[in-house]
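Reading through the structure tokens given below for one structure.
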Ligand SMILES: Cc1cc2nc3c(=O)[nH]c(=O)nc-3n(C[C@H](O)[C@H](O)[C@H](O)COP(=O)(O)OP(=O)(O)OC[C@H]3O[C@@H](n4cnc5c(N)ncnc54)[C@H](O)[C@@H]3O)c2cc1C
């Protein structure tokens, strides 16, 4: 029986407008949702369980508001939902150390996560916890085949690498060709009643400090031309003004 | 003295120009820059010795560098350069390595840095909808977006020290599936021409390929194109759930400019949009917009480029 963990994170819906108030992003009126790549991680975790047997535990880090994302994946069929209770800023060292502790405490054999979270875009968590645990890892996996050892594909400069890796391991998931399942009414009802296992954590002091969050510098307005013949003008501008061709 | 360690970025077995950009960034973070070149053959490292602003080059020589294995690479690199601020590129592979190198030393990693000012690091957050500025206390690992720092020139001269190293390989490469086309991948290209649902059929992407061939460009796609047509693989997708690209020129054809598409390409230096709808959101982000159907505009663009490049 494989003990499977999947890391999920709540982030602003990718459609949302991001606003700044003072020198911080203001998310108070933004709709939150599961980070898109985490959906592929959850799907891989569930398929892993279905093909070899086991249990799937979804783990998130956040305050009580993050329970929503856990309920969402519970409705898809994960067995346990766990929240590491911490609402403040953590740097990558703090975040990875509390997750790695939880992975050891839970006795997991495999961790799935998204290739990066839609808020930071960093993609550090998967490989970072693997290093702390002394485990193998593959990042940006586009296809996973489940057996005693996993067979994982991921894109490289030279083409798609297909590697095998033994458990314990961490796999961070990209989109690939996997289709993610949707929850049904029964799952949603069950998830409503499910208990979130809330755990206290104490991350090490951060060495990274957020100084400010600002809007990206506005781009000067571009030039817009009507009609196909303007393509010639644009080609000329790419040479004379942009110095690209 | 603040020491920095630049991990050289290689492509096709050679140190590439991104490494010169990494040296520039490193010299904004410290004042003594060592370049570590992961290699199986130490002669590859000679090129790093010519980059100005480098005080030392270490050719980290090991058979583990034949194929990428995150655990083994981190171990082998860490053992030749165990201290200092580490600077890598923000390619997919190097971000993975950066995270491992940081975790190995229980320090933090700051990914996708696009600017460094007074020791403060700027990174895009929320897919570039905002910028976060951070300061770091002590050593960290920093990955740098390609194409954002001016490259250091090649007028330096510095000896190469060869150090044999090794690491414990944890994954076994079974197969390398070559890409179907010889064309550059969008994540490697300086110029990208992408098609969206407005291309109508996947066969019409041949018109984009025609222009890509002229410019040495890669061909990309929107998610609508990837999801609608089996012939357009996910590896071509640019955006939130595709690749994040940062080329000198991005040409969007028949792409509306949805926020999730912008997430992957908004930091391109120049953006050209071809769309028949004058109100398409992509035009708000385009340096040069052409309001026309691609059927009409691409032949003109193609022949104008031929004239210019002749
Ligand atoms: C969680 C999430 C993640 C997503 N991730 C991505 C992602 O990674 N990448 C991505 O691209 N999208 C992504 N999307 C989808 C995104 O929201 C849009 O649906 C998608 O980008 C639209 O693609 P499109 O511009 O090709 O198609 P459309 O929006 O249908 O636009 C087609 C455009 O073509 C123009 N057109 C039509 N015919 C012609 C013609 N003959 N000549 C010229 N122009 C013509 C039209 O005017 C229109 O502007 C994501 C969405 C979600 C919810």
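Chains as they are written, first to last, in our numbering: chain A, -18 to 226; chain B, 79 to 388.
The beta-carbon is built from N, C-alpha and C at its ideal position, and this holds for glycine as well.
Can you find the residues in the same chain that come closer than 6 Å, C-beta to C-beta, to residue i, ignoring five residues on each side of it along the sequence?
i: residue 352/B; result: 331, 368, 372 and 375
i: residue 11/A; result: -7 and -3
i: residue 289/B; result: 271 and 380
i: residue 56/A; result: 164, 168, 169 and 172
i: residue 164/B; result: 83, 179 and 219
i: residue 106/B; result: 194
i: residue 68/A; result: 44
For residue i, which residues of its own chain have a beta-carbon under 8 Å away from its beta-carbon, when the five flanking residues on both sides are left out?
i: residue 242/B; result: 139 and 140
i: residue 178/B; result: 148, 149, 151 and 152
i: residue 72/A; result: 187, 188 and 189
i: residue 160/B; result: 183
i: residue 119/B; result: 139
i: residue 102/B; result: 131, 227, 228, 229 and 230
i: residue 306/B; result: 275
i: residue 175/B; result: 85, 148, 151, 152, 155 and 166
i: residue 247/B; result: 142, 147, 149 and 150
i: residue 160/A; result: 24
My understanding is that residue i touches residue j, with C-beta atoms under 8 Å, so please give their C-beta distance in whole angstroms.
i: residue 180/A; j: residue 66/A; result: 6 Å
i: residue 366/B; j: residue 215/A; result: 5 Å
i: residue 43/A; j: residue 205/B; result: That belief does not hold up - the Cβ atoms of residue 43/A and residue 205/B are roughly 20 Å apart, past 8 Å.
i: residue 114/A; j: residue 131/A; result: 16 Å between Cβ atoms; not a contact.
i: residue -1/A; j: residue 208/B; result: 5 Å
i: residue 325/B; j: residue 300/B; result: No, residue 325/B and residue 300/B are not in contact; Cβ-Cβ is about 16 Å, not under 8 Å.
i: residue 97/B; j: residue 129/B; result: 7 Å
i: residue 338/B; j: residue 362/B; result: That pair is no contact at about 15 Å.
i: residue -15/A; j: residue 36/A; result: 7 Å
i: residue 158/B; j: residue 114/B; result: 6 Å
i: residue 219/A; j: residue 94/A; result: Their Cβ separation, rounded to whole angstroms, is 41 Å, which puts residue 219/A and residue 94/A out of contact at 8 Å.
i: residue 150/A; j: residue 116/A; result: 5 Å
i: residue 213/A; j: residue 378/B; result: 6 Å
Taking the beta carbon of residue i as the centre, do at least 16 other beta carbons fall within 10 Å, making it buried, or is it exposed?
i: residue 172/A; result: buried
i: residue 196/B; result: exposed
i: residue 254/B; result: exposed
i: residue 230/B; result: buried
i: residue 134/A; result: buried
i: residue 201/B; result: buried
i: residue 5/A; result: exposed
i: residue 30/A; result: buried
i: residue 122/B; result: buried
i: residue 210/B; result: buried
i: residue 297/B; result: buried
i: residue 143/B; result: buried
i: residue 91/A; result: buried
i: residue 136/B; result: buried
i: residue 46/B; result: Any question about residue 46/B goes unanswered here, given that chain B covers just 79 to 388.
i: residue 99/B; result: buried
i: residue 222/A; result: exposed
i: residue 344/B; result: buried
i: residue 38/A; result: buried
i: residue 213/B; result: exposed
In chain order, what residues of the same chain lie with their CB nearer than 7 Å to the CB of residue i, ignoring the 5 residues before and after it?
i: residue 96/A; result: 18, 104, 120, 121, 153, 154 and 155
i: residue 8/A; result: -7
i: residue 143/A; result: 132 and 134
i: residue 173/B; result: 189 and 221
i: residue 233/B; result: 130
i: residue 215/B; result: none
i: residue 208/A; result: none
i: residue 192/B; result: 200, 201, 202, 223 and 226
i: residue 286/B; result: 271, 273, 297 and 331
task = Go through the region 14 to 40 of chain A residue by residue and report every complete run of the alpha helix (DSSP H) that reaches 4 residues or more, in order.
result = 17 to 33
task = Can you check the region 130 to 213 of chain B for any alpha helix (DSSP H) of at least 4 residues that lies completely inside it and give the ranges in chain order?
result = 148 to 158 and 170 to 182
message = If contact is defined by three or more beta carbon pairs under 8 Å, each pair taking one atom from either stretch, is the region 77 to 90 of chain A in contact with the region 180 to 192 of chain A?
response = yes
query = Are there three or more Cβ pairs, one per stretch, closer than 8 Å when the region 115 to 122 of chain A is compared with the region 181 to 199 of chain B?
reply = no
key: Cβ contact check for the region 257 to 275 of chain B and the region 304 to 316 of chain B: 3 or more pairs under 8 Å   = The region 257 to 275 of chain B and the region 304 to 316 of chain B touch, with no fewer than 3 CB-CB distances between them shorter than 8 Å.
ask   = Is the region 16 to 31 of chain A touching the region 222 to 242 of chain B in the sense that three or more CB pairs, one from each, lie closer than 8 Å?
value = no
ask   = How about the region 45 to 55 of chain A and the region 88 to 107 of chain A: do they share at least three Cβ pairs that are nearer than 8 Å?
value = no
request  = Scan the region 99 to 160 of chain A and note each continuous alpha helix (DSSP H) run of 4 residues or more that stays entirely inside, going in chain order.
outcome  = 106 to 114
message = In chain order, what are the residue ranges of uninterrupted beta strand (DSSP E) at least 3 long that sit wholly in the region 314 to 343 of chain B?
response = 327 to 331
Runs of alpha helix (DSSP H) wholly within the region 270 to 322 of chain B (minimum 4 residues, chain order) = 283 to 293 and 301 to 306
Near-chain D residues of the region -7 to 22 of chain A (beta-carbon distance less than 8 Å), N- to C-terminal order = Annotation note: the requested chain D is absent from the structure, which comprises protein chains A and B.
3 or more residues per run - each beta strand (DSSP E) lying fully within the region 46 to 91 of chain A = 61 to 66
key: Lining residues of ligand 3 - beta-carbon closer than 5 Å to any non-hydrogen atom, in sequence order   = The model depicted lacks ligand 3 and carries ligand 1 instead.
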